[in-house]
Every structure is written in structure tokens, then in C-alpha cells.
Amino acid sequence: MISDYHDKIQKRRLWLLWLLMLAGLSFLLAALWRIQVGMGAHYEGSLERQSVRRVRIPGMRGRIFDRNGECLADNSPSYGIAIYLEELRQGAAHRSTVESALAMVQRIADLTGLVPQVGRGEIERHLQQRRALPLLAWDNIRQREMARLAESAGDLHAVGIVVDALRVYPQGRTAGHLLGYVGKLEVVEEDQPYHYYLPDMVGRAGLERRFDDFLAGRPGGKLVRVDVAGFKYEEISSRPAAVGGDLLLTLDLHIQQAAERALAGVVGAAVVLDVTNGDVLAVASAPEIDPNWFSPILRQAVWNRLIQDPDKPLINRALSGVYPPGSIFKPVVSLAALEKGVITPATRINCQGVFTLGRQTFSCYRSVAHGDIALRLALEKSCNVFFYKAGLACGVDAIHDMAWSLGLGRRTGLAADSEAAGLLPGPEWKRRVMNEGWWDGDTCNLSIGQGALLVTPMQMAVVASALANGGFVYRPRLVSGFRRRAEGLREEPAVLVHKVTWAPENIAAVQAGMRDAVQSPTGTGRHARVPGVSVAAKTGTSEFGPKAARRKHGWMIAFAPAERPRYALAMVVEEIDTAGGQEVGPRMGRLLHAIFGLPEEAS
Amino acid sequence: MIARMRLLLSRMDWAGLLATVALLVTGVFFIFSAGHAQGPTGQTLYLRQLVWAGLGMFCFLAFALTDYHHWYRWAWWLYLAALLLLLLVFVPGIGVRMYGARRWIQLAGIRLLQPAEMAKLALIIILARVYGAPGVWPRSRWLLVLALMLTALPVMMVAAQPDLGTASVFVPVLASILLTAGVPVRSLSGLAALAGLLLALLLILLLAPPALGWSEERHDGLLRSCGISSYQQDRIMVFLRRDADPLGAGWNKAQSQIAVGSGRLWGKGFRRGTQNILGFLPRTVAPNDFIFSVIAEEKGFMGALGIIILFAVVLHGAFRAALQAPDRIGRLLCVGVAALIFCHVFVNIAMTIGLLPITGLPLPLLSYGGTFMISVMIALGLVQSVYIRGERN
Chain X
29 MISDYHDKIQ
39 KRRLWLLWLL
49 MLAGLSFLLA
59 ALWRIQVGMG
69 AHYEGSLERQ
79 SVRRVRIPGM
89 RGRIFDRNGE
99 CLADNSPSYG
109 IAIYLEELRQ
119 GAAHRSTVES
129 ALAMVQRIAD
139 LTGLVPQVGR
149 GEIERHLQQR
159 RALPLLAWDN
169 IRQREMARLA
179 ESAGDLHAVG
189 IVVDALRVYP
199 QGRTAGHLLG
209 YVGKLEVVEE
219 DQPYHYYLPD
229 MVGRAGLERR
239 FDDFLAGRPG
249 GKLVRVDVAG
259 FKYEEISSRP
269 AAVGGDLLLT
279 LDLHIQQAAE
289 RALAGVVGAA
299 VVLDVTNGDV
309 LAVASAPEID
319 PNWFSPILRQ
329 AVWNRLIQDP
339 DKPLINRALS
349 GVYPPGSIFK
359 PVVSLAALEK
369 GVITPATRIN
379 CQGVFTLGRQ
389 TFSCYRSVAH
399 GDIALRLALE
409 KSCNVFFYKA
419 GLACGVDAIH
429 DMAWSLGLGR
439 RTGLAADSEA
449 AGLLPGPEWK
459 RRVMNEGWWD
469 GDTCNLSIGQ
479 GALLVTPMQM
489 AVVASALANG
499 GFVYRPRLVS
509 GFRRRAEGLR
519 EEPAVLVHKV
529 TWAPENIAAV
539 QAGMRDAVQS
549 PTGTGRHARV
559 PGVSVAAKTG
569 TSEFGPKAAR
579 RKHGWMIAFA
589 PAERPRYALA
599 MVVEEIDTAG
609 GQEVGPRMGR
619 LLHAIFGLPE
629 EAS
Chain P
82 MIARMRLLLS
92 RMDWAGLLAT
102 VALLVTGVFF
112 IFSAGHAQGP
122 TGQTLYLRQL
132 VWAGLGMFCF
142 LAFALTDYHH
152 WYRWAWWLYL
162 AALLLLLLVF
172 VPGIGVRMYG
182 ARRWIQLAGI
192 RLLQPAEMAK
202 LALIIILARV
212 YGAPGVWPRS
222 RWLLVLALML
232 TALPVMMVAA
242 QPDLGTASVF
252 VPVLASILLT
262 AGVPVRSLSG
272 LAALAGLLLA
282 LLLILLLAPP
292 ALGWSEERHD
302 GLLRSCGISS
312 YQQDRIMVFL
322 RRDADPLGAG
332 WNKAQSQIAV
342 GSGRLWGKGF
352 RRGTQNILGF
362 LPRTVAPNDF
372 IFSVIAEEKG
382 FMGALGIIIL
392 FAVVLHGAFR
402 AALQAPDRIG
412 RLLCVGVAAL
422 IFCHVFVNIA
432 MTIGLLPITG
442 LPLPLLSYGG
452 TFMISVMIAL
462 GLVQSVYIRG
472 ERN
């Protein structure tokens, strides 16, 4: 037995020790409470930061359709072979991941006969930069190789087929300028809230660019948990990417293709509008481009060819090409003079073939004398002298205002990319830009659509449409509706920009003159004649360039049928040798044949 | 014979035994959890731990049923044997060098045991023998010197392995036994002051030369001449400069803290500790030194609380055995064991939450490992042996 004296001391000290230990354990508990409950969120954040990666999944672009539901821009699946590195790693701990991946690439190459697309450098870069993602070893593989791979897929763990959406344009070159094209969007990854950024296709031109926000799907994302080595461990959650909206166009594929055929072999543009509501039925620009060239990637050689081509095929001439209009401007001058009352439809003006203003001489085409003629014949024959005199009589302001009210000198407001405004000169413009007064000679030039005046084919189509429907200036409607899976169809209404008021007999005289230009055997536009349909038109041959080496553009505006107009057209052909009526007339005729369902004549 | 065993068993500390078994079972479960994300070797760790736990239970019962006075006679021989084993660590071919330290003894290529764990047990027994001998005057100076020398020998040998963490555990064990035995407070505080002085000197050695602009080689040379290896220096420096080298020695600490902290109140669930699964908590240490991180991550603060309560129950049993011990040797045995277990628990948990340097002290009954398991179960068996034979009031 322990002696009493010592037993007492020992027991006291035992209690002391026990309390000390309890204090120690309590201290631990307090520390644990602070770390786990007090600072738990902080440590959870550290955990997330080191083990969770955010991956962005690109959305699929919406499609583009013509008015009859024909698809103009679509997505097609593109198959690729992916190697899942995290699985590869588990199987071969003794080899480096790069070696295993290289061996796997070689094995797939042997099996399928594909030439390896990635080498050691790409694999190493992938492991450094986007280790948690599968390595895309091949993209755009064909059905045959896929079948061969599928046959032996059983024993190829760590290999999978991945599908990517590729932008395709099923109609090839048709409406290529209008549709535009897409390119891969390269972003600076640091700016993104994502660790890994799978690039989207982004609209680079045309409708693809103008409506990129609507067409582009909403990107999805996923959270991937990675292990300490940075390889994927599991997918925590994901939000699927949403498909973008579909664009419904007013374009008529049939008419569009006819317009493009009509421009075969030349540099130029054509526009077809519906005069009743401003719907754009065709917008063609030659030479054509095929948006498929740009997808999935544009090869440098193709790009160089497009850039270096003197015909500048990348320009959409129908919208951004600006030309002096020449004689197709005469109906505008006619209406200005008629409405001001300086002439009536019956007023006869004498043409001697030339017109002298001070020391300047202006002449008719080939200086032919037309004699005493009224407006209708002047339009049919495109007499310059008639319009010099009529234009001088009514003055520049009336012509300027009439042209402005028909939409010249400003953008039509068409929902498309890079539309030009053209140039509508006047005294104020000349003072501002050239610091010079406006002379009568300027009025003479303006009266026959020459001088500083510049228009786009789209603008002239709008003018032709207003001449046809009696003064309704519509904003050309290219997009008829936006269709989104969730929201359904949102239709775009036709927009009337302006109604020009003309006396009925005045517009009737202009329309009659234009009809005669085609239907009369001596009319300048007779080459555009269509059996069974009466066509009204005005031809033009606009001159440009230095006086010593004048060059010419051929023009034609038209509407048909002349009695109850439905279609308004404008066509330009650059750098012609003959007159506009001869060069453009037959092309316009072929386009009209197609519109009215007649076989297109051989030219 | 059977009747006597029945009597002995009926007098056992059942609360302490149940807590012990609960900790053992918990350990097996979380070693399974810590190992299942690893390769094939890691996935079977828990089975081996199960074998160790079974062996441990056997030792526990054997020592509980054996009269602890039996060891009184063998105390010196056990002590000498432990010293011999500690020497064997330095014999090439028998001692195994791992992670820069010689801790293991191997035979025919198989790692057998860590002599330091056995030495702890032997030290407790010899100190109990020295201060527990009938008629010994506990205030004797000579006895104190003897006890200090008996402790210093294994401490120096373990520190030379080098295993600073394990070596440091011997000191509180000695202090608890001296305190309980009745050594005057004056002597004890003198010793404590001396120890504090030595510690201060160590810190000055570590921190002053770089501050004075000494070159690294010169500093290393000074430390080596004082018996401190660069490995030990690193470990202490990680503790002192918390942000130093976050990818090297500081990694385990940072990741263990994240594991414990992100467990929050209720934990992420069994086998759902991402720090462990994803390998941020290094897989080599998760089942042994950092098993508490795994538990705290997967079961949260509530799980950690449960573990600490279980240890408190075990410690409480040891103190009750000490209070009721029939003689001084039994009492000192129990105190030594309680101090040993408490030190391991405290240092290990404080290390996993970044309050103490990463020393590599395992958590009793929970950490994976054979030698330590056996020595802890033997120690608890000794406590039970004392408890069974204690006085009841």
C-alpha cells in the first residue's frame, strides 16, 4: 500500500495532470471549431480553386432559311477522335503520359489508315494548357475511318468519338455575300471566367456577322474536378449549350439563283424587290464567293487569292458598291419637273442632239437628234437634251428633294452588313465639300444621273419599286422573322419609310415611258422583253473615270408586270463596252424569264 | 483458472475498452477510405490494419490478464533490449533508411518493426520500476539523475535516426511520471527552465545566422556541428515560417488544413473526401500520419469531436486506473501510458491543423502501422492490468 503522505500528493498531482490533458483536448476542439466551422467556407474556397476547372462549351449556331423554307446556312456534324488522357494514365503508370498518348495515336493511325494530326509538340502543349480536357487527335474524319475505328473500339479504352458542329452552306455560292461567313473566335483566356475555352464560331461577314448575337447559341459550361496532377477526375455538373435562333429571310432561292445566273461572267450586282411590301427576293453580287471556303478554317492560299483578285470578290456590290446611275436617274428628274409644274406630260421639248450651256456642250447618246419630243418618248429613247432642259427648268433643289424622298443619298436601312449610303449632291453639299458654288452645268449632269451622284443597286431597286407602286418607299425587308426554340417566331413587319405624293397623271406618264422603253420596238430596253408579260424599265450607261479614258457601267432598273407591278429590279454590270441596254438588257430579260416561270433563253 | 479469468474480465474498465475498440474500428474504416483512391496496394491497406488490430487486441488481453508486477522483474532486461534494437537501426542491412531517416529494422528484406515505439514502452516500464520500487524515497536527487539518464539514452538514439518528433515524446512521458511520483516541484521547474533554455538556444541557432547574413553553407555547417540535420531544420522552418515553400515541405500542411477546414460541421461523407481522393493530401501519408485529416474532412467537426471524446474516455480510464492503483508502480505505469497517448493525440491533431510542425507522430489506434499499434495496445493492456487489480471504493 502507498503511504498516506505520498498518496495524497500523488493523487493531487494526478488530478492536475488529468485537468491539463482535458485542457489540451479542449484546446484542440476549439482550434478545430475555428478551422472547420469558422473558416470552413474559406478552406472550401481554396479546395474549389485548386480542384475545380470551368470549361466552356460552345453553343450551336441557328440556321438561315429562305422564304420557302430552303436552308441556306446549316450545321453538319463533324466527327473527331479524342483521347481521354486521364484513362490513359491509369493504364500505364510506368510510362509518361506523352509517350502513352503518342503510342495511342500511332495505334489508331495503324487501325484506320489516318495520318496523325498531332505530334509530340501538340500533346505536350495540350498537357500543359488544357490537361483536364480530352486530346482531340483527329478532327473532320470521314465515315470510313470512323467505321474502322468502331470495329476495334472495344479494346481501345481511353478513345472516343466526339461530335462538333461544322457550319455548312448547302446552297454553295448562292447568296454567299449576303450570308457572309464564320470564323473561329480566338479569345484571350485570362479575360474569361473559364479555365478552358472551347472556341465558338463567330460571324465574320454578312448576315452571320450582323445577326451574330441572335444566331450564336448560348454557350454551355461544365465543372470538372481534377486530381492533384491536373487530370480530369469527374464532371461535377454541366449546363448544356443552347442552340441559337433561326433566321428566316424574304429571299427566294429560285429568284436568287436566277439573278446569279444572269450575272454569269461579268462583274456586277442585281437586286429583286417585292414592290408591294419591300421584301428582298434576291441580292446577287458577282463574282461570287462560297462561304464554305471559310469553314471550318480558311486556308491561307484561298484568302490570298480572294484578297489579290482585281475584281474584289469579297465586296457585296449590291449593297456596298456605289456607282453613278446615269440614265436610270431620269425617271426621278421627270417626276421632279412634273411635280414642280415646269413641264406636263404633254410638254414637247426640242432635241438637236447637242445642248450648249455657256461654253460647255452636252450631247445626246451618239449626238442623235430626237426632234420635238414629249416625256414619254424622251424616257423611251433616253434623250439627254430633254432632261438637260427639264432639269434646268425645275432646278437642282427639286431634283435633290425628289431623289432624297425616294431614299437616295442615305442607307436604305436594310438589315444587312456594310451597306453604303451613296452620294446625293446638291448646292449645300458642293459648298461644304468642294467649297464651290453650284453651276447650271452641275444641274445638267445631275439631270442625266452623272456628276457626283452615286447610288447602290439596292437604292435603285427601292426607287424602281416606288415608281412601280406609286410612291411607297419601303425599307427593304430581308429578314422576315426570328425563330427561337423557346420563344417561337417573331415576325418582322414591312416598314414604310415614306410615301411620296405624285399627281396620278404624272406617275402614269413616267410608267408609260418606261413601259415603252421595253415594249416599243425602238425602246432602249427592248432586250429585256418577256413574252406574255409587259415590262417597264429604264436603261443607263453611266460614265466614270478621267475624260481621256472614259469607262462605262451598264445599268437597268425595271418593274413587271407593268400594269399591276409585282417585282422591282435593279442590275448593274461594271466596265461594259456597249450601251447599258445592250449589255444589261438581255441579262435582265433572262432574270425576268426565270421570275415569271419561263424558260430562260440562251443569250 | 477459468473462474479467475472471468473474475478478472468482470473487473475490467469496459468504457475504456469500448472506446479503444471504437477507435480501432474507425481507424480501419478510414484507412479503407484513404486507400481506396490509391492503386492496388492502397486498397488492401485496411485489411492489413485489420490484422494489426486483431494482433493488438490479442496483446491487449494478454497484458491485461497478466499481473503487471511480472514486468517489474523484467524491467531492466526490457530496457536493455530496447536500447539494443535502437542500435540495430544503425547497422547497415538491418536498419532501413526511408525518407532520410533510419526508423525501421528489417530482416530478409521485410520491414519488421520501429524500435522507437518499443523504446517508449520500455522507458515507461523502467521509470515505473525505478520510482515504484518499494521503499524508494521519491525526493532523492540520485534517483532523479538516474531517471534523466535512463530517458536521455533512447532520446539521443532516436534523435540520431533522425526522428525529432518521436524523440520529443519521451520528455513529457518522463515529466508526467516524475510529477506523479512526487519529485519536488522545485526540481521539476528547474528542469523545465533548463529545457526551455535549450529550446531557445535551438531557435537562435536556426533563426539568428540567416538574419545576421550568414551564407547558407556556413549556417548548415554550424547546425550540423550541433547535431541538427538539414531535414530537421526544414521541418522546423516550415512550422516557423508558415508560407515557406508551399510546394515542398509546406504542401502537406496546407493541404491537410484545407482538408480539415473544408469538412466543415458535418463533413463530406464517408469516402467523399476530395482532398484525399484527388491526391492533394499526399497518398503516402493519408492513411497514417494524416488519418485525422481524412476523418475530419469526411465527417467534419462532429466526427473530430467524436474522436476526441473517445480519446478522452481512454485517457480517463488510465487516470482512474492510476488513482485506484494498488501500488506506486501500477500508478506510474498508467500515468506514463496516459502521457504517451495524450502526447501523440495532441501533437498529431495539432499538426494536421497546422498548429505544430509536421513531425510524423502517428495517431494512436487510428493511424495505419503495425509496431505502433502493438505498442499502444500493450500499453493499454498494462493499464487494464492495473485497473483490474485496483482498489474499489
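Protein chains in written order, with the working numbering: chain X, 29 to 631; chain P, 82 to 474. Just so you know, even glycine gets a beta-carbon here, dropped at the ideal spot from N, CA and C. Please read these numbers as outputs of a predicted model, since none were measured by experiment.
Can a CB atom of chain P be found closer than 8 Å to the CB of residue i?
i, result
"Ser-74 of chain X", "yes"
"Ala-58 of chain X", "no"
"Ser-265 of chain X", "no"
"Arg-41 of chain X", "yes"
"Ala-61 of chain X", "Looking at the sequence shown, residue 61 of chain X is not Ala but Trp. At least one chain P Cβ lies under 8 Å of Trp-61 of chain X."
"Gln-64 of chain X", "yes"
"Leu-281 of chain X", "no"
"Leu-53 of chain X", "yes"
"Gln-38 of chain X", "yes"
"Trp-46 of chain X", "yes"
"Ser-124 of chain X", "no"
Quick one: is residue i buried, meaning 16 or more other Cβ sit within 10 Å of its Cβ, or exposed?
i, result
"Ile-285 of chain P", "exposed"
"Met-462 of chain X", "exposed"
"Leu-275 of chain P", "exposed"
"Arg-267 of chain P", "exposed"
"Tyr-312 of chain P", "exposed"
"Val-360 of chain X", "buried"
"Asp-94 of chain P", "buried"
"Val-366 of chain P", "buried"
"Val-210 of chain X", "buried"
"Ala-51 of chain X", "exposed"
"Pro-338 of chain X", "exposed"
Is there a C-beta anywhere in chain X that falls below 8 Å from the one on residue i?
i, result
"Ile-339 of chain P", "yes"
"Gly-271 of chain P", "no"
"Arg-352 of chain P", "no"
"Val-416 of chain P", "yes"
"Phe-114 of chain P", "With the sequence shown as reference, residue 114 of chain P is identified as Ser, and Phe is not the correct amino acid for it. No, because no Cβ of chain X sits closer than 8 Å to the Cβ of Ser-114 of chain P."
"Gln-465 of chain P", "no"
What did DSSP end up calling residue i once you bin it into helix, strand or coil?
i, result
"His-117 of chain P", "coil"
"Tyr-502 of chain X", "strand"
"Tyr-112 of chain X", "coil"
"Pro-485 of chain X", "helix"
"Gln-145 of chain X", "coil"
"Met-599 of chain X", "strand"
"Phe-351 of chain P", "coil"
"Pro-105 of chain X", "strand"
"Lys-2 of chain X", "The structure shown does not extend to residue 2 of chain X, since chain X is modelled only from 29 to 631, so the question has no answer here."
"Phe-361 of chain P", "coil"
"Cys-415 of chain P", "helix"
"Ala-131 of chain X", "helix"
"Cys-379 of chain X", "strand"
"Thr-389 of chain X", "strand"
"Gly-343 of chain X", "Looking at the sequence provided, one finds Ile at residue 343 of chain X rather than Gly. Coil at Ile-343 of chain X, not helix or strand."
Would you check whether the ligand NAD has a heavy atom nearer than 7 Å to the C-beta of residue i?
i, result
"Tyr-416 of chain X", "Ligands are entirely absent from the displayed structure, and the ligand NAD is therefore not among its contents."
Could you round the C-beta distance between residue i and residue j to whole angstroms and report it? I think they count as a contact, below 8 Å.
i, j, result
"Leu-437 of chain P", "Val-428 of chain P", "6 Å"
"Ser-562 of chain X", "Gln-547 of chain X", "6 Å"
"Ala-346 of chain X", "Val-311 of chain X", "5 Å"
"Tyr-127 of chain P", "Phe-139 of chain P", "Actually they do not touch by this definition, with Cβ atoms about 19 Å apart."
"Phe-382 of chain P", "Trp-61 of chain X", "6 Å"
Exercise. Where are the beta strand (DSSP E) runs, 3 residues long or more, that stay fully inside the region 135–211 of chain P, in chain order?
Worked result: 176–179, 182–188, 191–194
Problem set entry | Complete alpha helix (DSSP H) runs within the region 197–282 of chain X (minimum length 4 residues, chain order) | 204–207, 234–238, 240–243
Exercise. Where are the beta strand (DSSP E) runs, 3 residues long or more, that stay fully inside the region 308–338 of chain X, in chain order?
Worked result: 308–314
Exercise. Considering only residues of the region 434–479 of chain X, which uninterrupted alpha helix (DSSP H) runs meet the minimum length of 4 residues and lie entirely inside it, listed in chain order?
Worked result: 455–462, 468–475
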